[in-house]
Every structure is written in C-alpha cells, then in structure tokens.
Amino acid sequence: MDAVKQALMLFLHSKLTMCPDHRFAFASLRDTVSLISKEFTSDAASSIETIRSLAATDTRYAVADLTHLFKIAYEEGKRAETQGRLLRVVLIYCRSSTKPHHQWPVKPKNFTMDIVYLHDKPTADNCPQNVYDSLVDALEHVSQYEGYILESGQGLARVLFRQICIILSHPLLRCMQDDLDIPKQVVKKILAIEGVQSEDGAPVSSSQ
802 MDAVKQALML FLHSKLTMCP DHRFAFASLR DTVSLISKEF TSDAASSIET IRSLAATDTR
862 YAVADLTHLF KIAYEEGKRA ETQGRLLRVV LIYCRSSTKP HHQWPVKPKN FTMDIVYLHD
922 KPTADNCPQN VYDSLVDALE HVSQYEGYIL ESGQGLARVL FRQICIILSH PLLRCMQDDL
982 DIPKQVVKKI LAIEGVQSED GAPVSSSQ
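In this text, residue positions in the sequence shown follow our numbering: the first is 802, and each later residue adds one.
Structure follows, in structure tokens:
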C-alpha cells in the first residue's frame, strides 16, 4: 500500500508540475465504488492528505462492481466537457481472484480510463488472467480516447512507478498501446551504441 500511495503522489506532483490547473478526486473500491473526496481540487496539500488516509483492508471482497464508478465518471465527464476539460479515470486494481463487472449501458463515451493492475502470481486459488481480461473489456467499453492497461505480478515498487510515468501521457498525445515500446531494452541500446562506436573508431589502413 505504501508503494501505491507513493505512486499516486508521483502522479499528482508530476501532473501539477505540467499544469497547475489539473484537478483530482479520489474514490475507493470495495463491493462497489465510493467517493473519498466529494469535489475535484488542484490543491496538492489536500490531495496528499487524502492519499495518506488510504488504507488496505484484509477483507476479501467477492464482488467488484464498477457500475457506480462509470456513472460518476460519466456525469463528471459531461461537466468537464462544458468547461473545455478532459476527464480521466485511473483505476489501480489489486485483486487477483475477483473479476470486476458492471452493468453500464452503451453510451456516448466522454472520459478516458487507464488501469494499473497489480496482482499475485497465478495459483490454483486465483485467476489474474481472467481478471485482466475483464479489465480490458471494461476499459474498451467506456474509454473515449486511448486508455492504457498496465499490469505487474512482480510486486516491485519501481515497476509500479514506471507504469505511473507511462500514464502521465495525455490521452490525445498517445500512441496506441500496441505500439508502446517503453522501456527500451537495454541490451539493444548497448549494441546500437557499440555499433556506432565501432564504425566511428575503426582504424583505416592501406596496403601498398
């Protein structure tokens, strides 16, 4: 949970550094979604206080209903459109055996959704692949612009931070996720650099 909080603060500070007019609100998911902050705010201090108040629970919820989340986002999306803004929902989902579901009808899409899925490694008691597939379906059902879904079963904070940095990108300035090549493979970079150095530094000899 500490890593998730740090990742949220990283996202918050980075977006406010890019544009101080960005606004944030927070919600939690148990059986269904409930708002933690009623209003959107660009005040970093109050948002950080909200993030720090987040707490993990030992309760294993058998249901994860996203319908209310989509309802809230849809209404806020309409309000954002009248203000010339874009609404984005970032869902950090951490359940390895509970598939999310929703009963959201097909409507005009007016918000973009990103998902970071943190899960345990597959065992006989969970089904992270099935959960992932359900998350993909949900994202495609509601996302107006290109939404990313990033997952990790490694439990590494640096992987989470890297994923948060990826979703900092503006929805209108993104490539398709299938074309996303971040991070570049270090081996390829090293080989490319060595190839250039070999060409530039190659000795020239002539035979008489």
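Positions of the beta carbon are idealized from the N, C-alpha and C atoms, including for glycine.
Item, Value
"Environment of M914 [buried if 16+ CB atoms lie within 10 Å]", "buried"
"As assigned by DSSP and simplified to three states, the class of I983", "coil"
"Test item: CB-CB of P901 and A939 under 8 Å", "yes"
"Distance CB(T851)-CB(S838) smaller than 8 Å", "yes"
"Neighbourhood of Q978 by C-beta, 6 Å cutoff - its chain only, sequence neighbours within 5 removed", "Y949"
"Residue range of the beta strand (DSSP E) that includes Y918", "913 to 919"
"S843 - DSSP class collapsed to helix/strand/coil", "coil"
"Beta-carbon gap between Y862 and Y894 smaller than 8 Å", "no"
"CB contact flag (A865, R896, <8 Å)", "yes"
"Whole runs of the alpha helix (DSSP H) within the segment 934 to 971, excluding any shorter than 4 residues", "958 to 967"
"Nearest-angstrom beta carbon gap, P909 and Y946 [assumed within contact, 8 Å]", "Not quite, the Cβ-Cβ distance comes to about 13 Å (not below 8 Å), so this is no contact."
"Cβ separation of L961 and S953, assumed to be a contact under 8 Å, to the nearest whole Å", "7 Å"
"Environment of L809 [buried if 16+ CB atoms lie within 10 Å]", "buried"
"Other residues of its chain near R975: CB distance less than 6 Å, five sequence neighbours each side excluded", "E947"
"Terminal residues of the alpha helix (DSSP H) in which S898 lies", "Looking at the DSSP string, S898 is not in any alpha helix (DSSP H), and its letter there is neither H nor E."
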